[in-house]
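J.:
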Amino acid sequence: MVGTMISAVLLLVVIVLAVKLLLQRKRLRDLAESMEDYLNRGGEPAPFSLREDTVAPVENAASELENRIAVLTERLREENERTSSLTADISHQLKTPLASLRLFVEMDESAHMAEELGQIERMERLIGSLLRLEKLCADGYVFSFAEHPIRPLIEGVWDELHALWPGKQLSIEGDALIRCDGKWLSEAFQNLLKNACEHTAADGCIWVKIEQTEHTVYCSVEDNGGGVRKKDLPHIFERFYRSEDQAQSGSGLGLAIVKEIVYRHHGHVSAENGKNGLRINLEIPILNLTKT
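See the structure below:
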């Protein structure tokens, strides 16, 4: 009789421990799902636990971590807004004297008027590009995501650029359907193709290759301009960066803008020297997002 009672008590203890373990595992699983939702989809942070068990410290550590992330994210957002506002103010203050300078140059009609106007236009483009880059970095633009085939975007960009470089040849291989902001991704390809045109001969060639897997779109843009020196490759996406042997043309911001646009699509961009010249590689995940 006593043995039967002991066995029953032990069985009850085992059942209680098993139920407790299952409940703890469920809480940990729920916590993991909650953290994933918070990090990837902007869900609510995990609540602080008032329980006194082995899982509560983990729940409270996760709650504290998520709250710290929220505070740091807000501070970063405020700092980005200040930077964007400062850049906009500086750009606005520069545009006014430039407009006056243009007027005086046109009135004087000196022998160097064409060159002077060219330099003023270059400064205006530089200010505009810098403002766009800073607003991108500060999340100052709203991206509108929709499904787009990539090839028509590139072809549309090339139709506009080809008039400026009629001797260049573009070859596009492949296509992919991707959820993106068509306007901004087109600007990224415009900067990539423009950069390739500026660094190739008058009859230069550009190759675009597009591949799609289940989860990622891969796209490369390669030219036959001979490439860049190995030590310059890690820096070509930095703003205003130019190699020692590169001509002082353009704003020096095109590839930096490309990097930010791809980043806003949760992607990655890199550079390498291919067989014929510089190759820019884009990796953009295929996302089914309901909000941006």
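Straight run, no breaks: the sequence shown in this note's numbering ends on number 1483.
Yeah, the Cβ is synthetic: ideal placement off N, Cα and C, and Gly gets one too.
Just so you know, these numbers come straight off a predicted model, no measurement behind them.
1) Taking C-beta to C-beta, are residue 1443 and residue 1433 nearer than 7 Å?
2) Does DSSP put residue 1472 in a helix, in a strand, or in coil?
3) With three or more C-beta pairs closer than 8 Å as the rule, is the region 1345 to 1357 touching the region 1386 to 1400?
4) Between the C-alpha atoms of residue 1445 and residue 1358, what's the straight-line distance to the nearest angstrom?
5) Please report the distance separating the alpha-carbon of residue 1410 from that of residue 1291.
6) Can you give the beta carbon distance from residue 1376 to residue 1283, rounded, assuming they're within the 8 Å contact cut?
7) May I ask you to report which of helix, strand or coil DSSP gives residue 1251?
8) What are the start and end residues of each continuous beta strand (DSSP E) run of 3 or more residues lying completely inside the region 1321 to 1407, in chain order?
9) Check the C-beta distance from residue 1308 over to residue 1293 and give it rounded, since I have them as a contact under 8 Å.
10) With a 10 Å radius around its C-beta and 16 neighbouring C-beta atoms as the bar for buried, classify residue 1265 as buried or exposed.
11) Mind reading off the beta-carbon distance from residue 1477 to residue 1370? Whole number of angstroms is fine, and I expect it under 8 Å.
12) Out of 1223, 1452 and 1407, point me to the one whose CA is closest to residue 1474's CA.
13) Excluding the 5 residues preceding and the 5 following residue 1386 in the sequence, name in chain order all residues of the same chain whose CB lies nearer than 6 Å to its CB.
14) Please determine, among 1252, 1245 and 1242, the residue with the shortest C-alpha to C-alpha distance to residue 1226.
15) In the DSSP assignment, the beta strand (DSSP E) including residue 1460 goes from what residue to what residue?
16) Along the chain, where does the alpha helix (DSSP H) that runs through residue 1451 open and close?
17) Counting only the same chain and skipping the five closest in sequence on each side, list residues whose C-beta sits under 6 Å from that of residue 1483.
T.: Taking the definition as stated:
1) yes
2) strand
3) yes
4) 22 Å
5) 44 Å
6) Going by Cβ atoms, the distance from residue 1376 to residue 1283 rounds to 28 Å, so no, they are not a contact pair.
7) Reduced to three states, the DSSP call for residue 1251 is helix.
8) Complete beta strand (DSSP E) runs here, min 3: 1337 to 1340, 1360 to 1364, 1368 to 1371 and 1396 to 1403.
9) 7 Å
10) exposed
11) 7 Å
12) 1407
13) Taking residue 1386 as the centre and dropping the five residues before and after it, the same chain places the C-beta of 1445 closer than 6 Å to its C-beta, in chain order.
14) Comparing C-alpha distances from residue 1226 to each of 1252, 1245 and 1242 shows the shortest one belongs to 1252.
15) 1459 to 1464
16) 1445 to 1455
17) At residue 1483 the pLDDT is 40, less than 50, meaning the model places this residue with poor confidence and gives no usable figure here.
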